[in-house]
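Colleague: Let me give you the structure first, and then I'll get to my questions.
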């Protein structure tokens, strides 16, 4: 049995910016998080992918100290965040899912207000970002559209040069153009400043566009997390015409061989099988297992599935380590 | 510190409009209360206005500000923005608490400063400290309660109404006197303006404990279920909740209407069959020998009351019961109970019957009935003298001259004697209770009555009836209308009813008394008391530090009385029933010195008076009446 991906990441050379271990959060009888593990490393753009109600916002609110975990450990910059230490939170830029700014404030006034909470606040950077995002300086926030408000929130979250940027479904309500601009800015600032970023979304294309690491959460548990490319490498779809003679090598496509079937179905006039190839041990890495499968599945067409297909298949199967 | 400054600055910007609006409204409330108090001429202390200001105006302002500071934040969900800021939980809430408290404190302090600046009474540091502590503790408690209430979001108004209903119910149906508790006691208008030395520590402690509890509850409530309860309450009412609250309100109304009202006092009933019945009048004489006296008195009373009812235009008259009470001093009457529904019970000594006794009894009856009919509005300053005068005037009708007499008239003599000490004029009319100090009840009544006589002589009976009806005709309601009536100035009342200029009449009244004091046969009768001298001598605190020295040319054996009453540390009308009178007989010779019996500590205050029963006066003549502070 190979090590779970998050542990593989945890053993990487750079200590994580954010680490959640076995986090459980209960609201009465409802369990919003059921032992969530999550790791974000410096410079990483982490796409936190999950359906509505999967537990993304709860996890991020715990991280921000707004709410407390029922059980488990949360560490920010190597320190336990239980109690929501203001000093640690000052190192985070946070864009909430729902912007609740004061309608009577203008962006300039908002900047003056936030300056009091962040010693590293940079007015010039704030104004530069407002200009870049085309946010009007002197209009009252109550008159802003949802997209402009989200851009303002991003500018406010970045203006104090945070070590970690936390975005909770920030593009909700934005049009396609605004969404694209927003995500490009997130990506660009991460590349430019080498800043760790975690953003939650239920939109796969957003994650594909901006993230280099992905975590898929469902039912309060992490289904998979790791580099996006690795996910693409591990999950493949094999197709064969229904009237063809190709035989599926069922003896190889077995969990004991490190290969799980995510789905096996008929699509149009083809049979489609999505497999998830995992390292079963150090001596049998993913690539080798996949090569063996390709060799045995003669006559089957090997395709790279979309992230959306992978996400849906994973969530439907709820396979996890 | 930077974060706190940012939060305070935010609150200031967010609530600037509210602060300005509330300040303006409070200024208007202050000016209105001040103007009303001045117009009514019944203001004994400017700090009465401060106490009134601390009531509904300040409560309303705190609710208005609390809405802006707490409720708007919750309803706008902007508290979510605040909780994401890098500050400790509760930090923003504490700043909000402190901000509101500072605003309320500033308003209260300004009111206190304004009260002190406008005060005509001494405002020594101790007095201001007492007022400051009272007002400070009250403001802390008020704001804490308002803040806690704000946490309940859409339920705050139903909860506030519920608390008020509970307080009213507790006050009405239990022995707990709510208005003597904590914050209510601190701004009680009967003690706030007058308590100059003692800080009411118990009420202060109760208020601060209540405030601490409310603050702790607000903080705990804000964190309960990680703030989700407060957030859930900060949503508009749903249709089901509206229906449930409406139902609850109806239940409360029904319950209240079915609750037994606190046992009403029962009307007085005679326990003897020796009672004379005449119309509304019953006289219990108890002793067969007094039956004829009782019957005569009942006839007089009935006749006079019928006349009064017709004159004042009343449509009903409550029962009048007179009880023979041998312990009551000759010539005096004591009011036992007085209610606009259950009537008047008066105790008098029928065995000591005389014309003066009958007059005093009739006067006391009219006084009590008018007072009850107007729900005591007629007793309020500055028109109390009008009632005292009218009651005696009606009692004297048919017995004494309705106009200033040409010959000797005992009650007119009382008036002239009183006018020697307190000339009729603005001071007498404004500070009637102080005039009462100086001339005593009998002198004050007679002086007041002289005004009615002068009016009758100058403008006829019609003017008397018109003024009496305007002043005492309308029944009291116990509500706002009474307050409005009480605020109407005497000058306006007089001009409206009589159609004459008030100042001109007062001048004429005063001139009549001045003229008669120098006219025979009054001048000779007044000579003795005009030459009399009386003074108070004060010694060091301890046993008997007060002495009265008086010089009077009076026959030996004249009955005189020394009165003494310990006073609270503020000036108010005397409770004449609490007078402790010590009678003595005037010795041979012109001068006496009497030590007042009470023991007094330094700084304590006392009222002392010396009255003598002299001829040809109807009442006791007051030679001295003074409020003193023991050195």
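Residue numbers (my numbering), protein chains in the order written: chain B, 14 to 334; chain G, 34 to 664.
Glycine residues also receive a C-beta, built at the ideal position from the N, C-alpha and C atoms.
Just so it is clear, the structure is predicted and the values come from calculations on it, not from any experiment.
Using a Cβ-Cβ distance under 8 Å, would residue 117 of chain G count as near chain B?
Modeller: It does; some Cβ of chain B falls within 8 Å.
Colleague: Could you check what DSSP says for residue 86 of chain B in three-state terms: helix, strand or coil?
Modeller: strand
Colleague: Step through the CB atoms of chain B and report whether any lies within less than 8 Å of the CB of residue 47 of chain G.
Modeller: yes
Colleague: Alpha carbons only, please: which of B:83, B:145, B:215 and B:264 is nearest the one belonging to residue 302 of chain B?
Modeller: When only C-alpha atoms are compared, the closest one is B:264.
Colleague: I want to verify the contact list: residues of chain G whose CB lies under 8 Å from the CB of residue 80 of chain B, in sequence order.
Modeller: 259
Colleague: May I have a chain-ordered list of the alpha helix (DSSP H) segments no shorter than 4 residues that lie completely inside the region 476 to 541 of chain G?
Modeller: 494 to 505, 513 to 520 and 523 to 531
Colleague: Could you compute how far the alpha carbon of residue 74 of chain G sits from the alpha carbon of residue 245 of chain G?
Modeller: Per-residue confidence for residue 74 of chain G stands at a pLDDT of 48, beneath the threshold of 50, marking its modelled position as unreliable; no derived number is given.
Colleague: By the three-class DSSP mapping on this structure, what secondary structure does residue 413 of chain G have?
Modeller: Correct three-state label for residue 413 of chain G: coil.
Colleague: Which of helix, strand or coil does DSSP assign to residue 392 of chain G?
Modeller: Under the three-state reduction of DSSP output, residue 392 of chain G falls in the helix class.
Colleague: Using 8 Å as the threshold, is the C-beta distance between residue 37 of chain B and residue 72 of chain B below it?
Modeller: Contact: no.
Colleague: Counting only C-beta atoms, is residue 102 of chain B closer than 8 Å to chain G at any point?
Modeller: yes
Colleague: Name the two residues that bound the continuous alpha helix (DSSP H) containing residue 162 of chain B.
Modeller: 159 to 171
Colleague: Let me make sure I understand the geometry here. Which of G:662, G:627 and G:648 has the alpha-carbon closest to that of residue 636 of chain G?
Modeller: G:662
Colleague: Near residue 123 of chain G, what residues of its chain come up, given a Cβ to Cβ distance below 7 Å and the 5 sequence neighbours on each side ignored?
Modeller: 252
Colleague: Are the beta-carbon atoms of residue 57 of chain B and residue 226 of chain B separated by less than 8 Å?
Modeller: With respect to the 8 Å criterion, residue 57 of chain B and residue 226 of chain B are classified as neighbours on the basis of their beta carbons.
Colleague: Find the residues of chain G that neighbour residue 114 of chain B, judging by a C-beta separation of less than 9 Å, and give them in chain order.
Modeller: Result: 111 and 114.
Colleague: Out of B:324, B:310, B:218 and B:222, which one is the CA nearest neighbour of residue 276 of chain B?
Modeller: B:324
Colleague: Please classify residue 444 of chain G: does DSSP put it in a helix, a strand, or coil?
Modeller: In the three-state DSSP reduction, residue 444 of chain G falls in the helix class (H, G or I).
Colleague: Which residues of the region 122 to 143 of chain B have a Cβ closer than 9 Å to any Cβ of chain G? Give them in chain order.
Modeller: Against chain G - using a Cβ distance shorter than 9 Å - the residues of the region 122 to 143 of chain B are 122, 125, 126, 127, 128, 129, 130, 131 and 132.
Colleague: Would you kindly check if the distance between the Cβ of residue 390 of chain G and the Cβ of residue 649 of chain G is under 8 Å?
Modeller: no
Colleague: Using a Cβ-Cβ cut-off of less than 7 Å, give me the residues of the region 36 to 59 of chain B that come near chain G, in sequence order.
Modeller: none
Colleague: Give the DSSP-derived three-state secondary structure of residue 101 of chain G in the structure shown.
Modeller: helix
Colleague: Counting along the chain, where does the beta strand (DSSP E) carrying residue 124 of chain G start and finish?
Modeller: Premise fails: residue 124 of chain G lies in the alpha helix (DSSP H), 124 to 151, not in any beta strand (DSSP E).
Colleague: Against chain G, does residue 33 of chain B count as a neighbour if the rule is that its beta carbon must be under 8 Å from one of theirs?
Modeller: no
Colleague: So residue 597 of chain G is in the beta strand (DSSP E); what residue range does that whole segment cover?
Modeller: Segment 592 to 600, the beta strand (DSSP E) holding residue 597 of chain G.
Colleague: Which chain B residues are close to residue 39 of chain G, counting only those with a beta carbon under 9 Å from its beta carbon?
Modeller: 125, 126, 127, 128, 129 and 130
Colleague: To the nearest angstrom, report how far apart residue 377 of chain B and residue 35 of chain G are at their CA atoms.
Modeller: The first residue shown for chain B is 14 and the last is 334, placing residue 377 of chain B beyond what the model contains.
Colleague: Which residue marks the beginning of the beta strand (DSSP E) containing residue 310 of chain G, and which one marks its end?
Modeller: Per DSSP, the continuous beta strand (DSSP E) segment holding residue 310 of chain G begins and ends at 308 to 311.
Colleague: Can you name, in chain order, every residue of its own chain whose Cβ lies under 7 Å from the Cβ of residue 231 of chain B, other than the five neighbours on each side?
Modeller: 63, 64, 67, 328 and 331
Colleague: Find the residues of chain B that neighbour residue 43 of chain G, judging by a C-beta separation of less than 7 Å, and give them in chain order.
Modeller: Chain B residues near residue 43 of chain G: 126.
Colleague: Alpha carbon to alpha carbon, how far is residue 664 of chain G from residue 629 of chain G?
Modeller: 15 Å
Colleague: Within 10 angstroms of its Cβ, does residue 341 of chain G collect 16 or more other Cβ (buried), or is it exposed?
Modeller: buried
Colleague: Could you give the first and the last residue of the continuous alpha helix (DSSP H) run that contains residue 113 of chain G?
Modeller: 112 to 116
Colleague: So, with DSSP's three-state summary, where would you put residue 656 of chain G?
Modeller: strand
Colleague: Looking at the C-beta of residue 36 of chain G, does it have a partner C-beta in chain B at a distance below 8 Å?
Modeller: yes
Colleague: Whole angstroms is fine: what's the gap from residue 257 of chain G's alpha carbon to residue 181 of chain G's?
Modeller: Rounded to whole angstroms, residue 257 of chain G to residue 181 of chain G spans 13 Å at the Cα level.
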